[in-house]
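In our numbering, the protein residues as written are 47 to 354. A quick write-up on the structure given underneath.
Here it is as structure tokens:
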């Protein structure tokens, strides 16, 4: 008998959700998945609070905001690091120093996804670190498509978002001003978030899913052409060349939860407190449950070593 699993995912091509949806392998393991698309992480957190999801592909900041509010969810696996890119219009220049790149937007507007999303938090902290928090206007959008339209229409001067947004913008004449590793090194692009009920009541189902997630991460990293073809098979309007470009922007894919991933995630805690998104400290045990992924991914790897 197939085990039902309600999974939330985002329109982010380098998440393993698109590979798994196209592969059919979940059926082989007796998992009957129901997939629900969300425009951003905060809306997925709201769905978790309504108990509409068992699993979700989610950035760590919105997950932490939910945990702070009492939501019983945990990060049970990684997936990708450094997925936030700074994009500029034609007037911008690529700069060697991160602060100089951002300074081009003084008295200008940068668009980014909804408040509380990982891109929003990374951008606001980046601006604060550079002493530009009061000089740059940050405009939030619910859908990334709206960010691209606003950039092309001149409504905003830059954007901070996913590699997919960066590739779309680049194809229309914009530039990647700063790659993701220059903005916040090793920041956790997304993780697999599970409800505690699934963790406690269906550990085998969770572990079976993570086996597939691990395999899909390896495919994205080691055989991007095949992964790009699978993304195209799942979303026909996405051509393989575009998917391959997106996968190459920051090819740091791995399902494990090494110390670097956890430490970088927890570095968001004081930032989220400063911004008023959370009102208490969170530690590793509040955010992570690593038992299952340690069984699935027993050998400790580091993104810096395996994700070249």
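We put the beta carbon where it would ideally sit given N, CA and C, even for glycine.
{"Check": "Nearest-angstrom Cα separation, counted from residue 204 out to residue 49", "Outcome": "44 angstroms"}
{"Check": "Local conformation of residue 330 per DSSP, three classes", "Outcome": "helix"}
{"Check": "Residue 237 and residue 106 closer than 7 angstroms at C-beta", "Outcome": "yes"}
{"Check": "Buried versus exposed call for residue 64 [16 or more other C-beta atoms within 10 Å across all chains shown]", "Outcome": "buried"}
{"Check": "Separation of residue 297 from residue 197, as counted between CA atoms", "Outcome": "25 angstroms"}
{"Check": "Beta carbon of residue 313 nearer than 7 angstroms to that of residue 122", "Outcome": "no"}
{"Check": "Three or more C-beta pairs below 8 angstroms linking the region 79-98 and the region 107-115", "Outcome": "yes"}
{"Check": "Cβ-heavy atom distance, residue 152 to the ligand PLP, below 6 angstroms", "Outcome": "Judged by which ligands are present, the structure shown has none, so any question about the ligand PLP falls away."}
{"Check": "Beta-bridge pairing of residue 49 - partner residues as DSSP gives them", "Outcome": "77"}
{"Check": "Closest by C-alpha distance to residue 186, when choosing among 94, 168, 160", "Outcome": "160"}
{"Check": "Inter-residue Cα distance where the pair is residue 60 and residue 269", "Outcome": "13 angstroms"}
{"Check": "Cutoff 6 angstroms; reference residue 306; Cβ partners in own chain excluding five residues on either side", "Outcome": "232"}
{"Check": "Residue 344: first and last residue of the uninterrupted beta strand (DSSP E) it sits in", "Outcome": "No beta strand (DSSP E) contains residue 344, which DSSP labels as neither H nor E."}
{"Check": "Range of the contiguous alpha helix (DSSP H) that encloses residue 263", "Outcome": "249-268"}
{"Check": "Beta strand (DSSP E) segment containing residue 127, residue limits", "Outcome": "119-127"}
{"Check": "CA-to-CA distance, residue 319 to residue 325, given in whole angstroms", "Outcome": "6 angstroms"}
{"Check": "Completely contained alpha helix (DSSP H) runs for the region 159-243, where each covers 4 or more residues", "Outcome": "164-175, 190-199, 209-217, 226-229"}
{"Check": "Beta-carbon proximity list for residue 336, same chain, < 6 angstroms, skipping 5 on both sides", "Outcome": "303"}
{"Check": "Supposed contact pair residue 214 and residue 194 - C-beta distance, whole angstroms, cut 8 angstroms", "Outcome": "5 angstroms"}
{"Check": "Residue 287 classed as buried or exposed, judged by whether at least 16 other C-beta atoms fall within 10 angstroms", "Outcome": "exposed"}
{"Check": "Three CB pairs or more closer than 8 angstroms across the region 210-225 and the region 257-266", "Outcome": "no"}
{"Check": "Beta-carbon gap between residue 315 and residue 328 smaller than 7 angstroms", "Outcome": "yes"}
{"Check": "Which residues DSSP lists as bridging residue 54, in chain order", "Outcome": "82, 102"}
{"Check": "Span separating the alpha-carbon of residue 310 from that of residue 127", "Outcome": "10 angstroms"}
{"Check": "Residue span of the alpha helix (DSSP H) that contains residue 397, given as start and end", "Outcome": "In this structure the chain extends from 47 to 354, so residue 397 is not present and cannot be described."}
{"Check": "Assigned exposure category for residue 140 - 16 Cβ within 10 Å defines buried", "Outcome": "exposed"}
{"Check": "CB contact flag (residue 54, residue 129, <7 angstroms)", "Outcome": "no"}
{"Check": "Beta-carbon gap between residue 131 and residue 190 smaller than 7 angstroms", "Outcome": "no"}
{"Check": "Any C-beta of chain C under 7 angstroms from that of residue 214", "Outcome": "Checking the listed chains, one finds no chain C in this structure; it contains a single protein chain."}
{"Check": "For residue 69 and residue 272, the rounded distance between their alpha carbons", "Outcome": "11 angstroms"}
{"Check": "Pair within 7 angstroms by beta-carbon distance, residue 208 and residue 58", "Outcome": "yes"}
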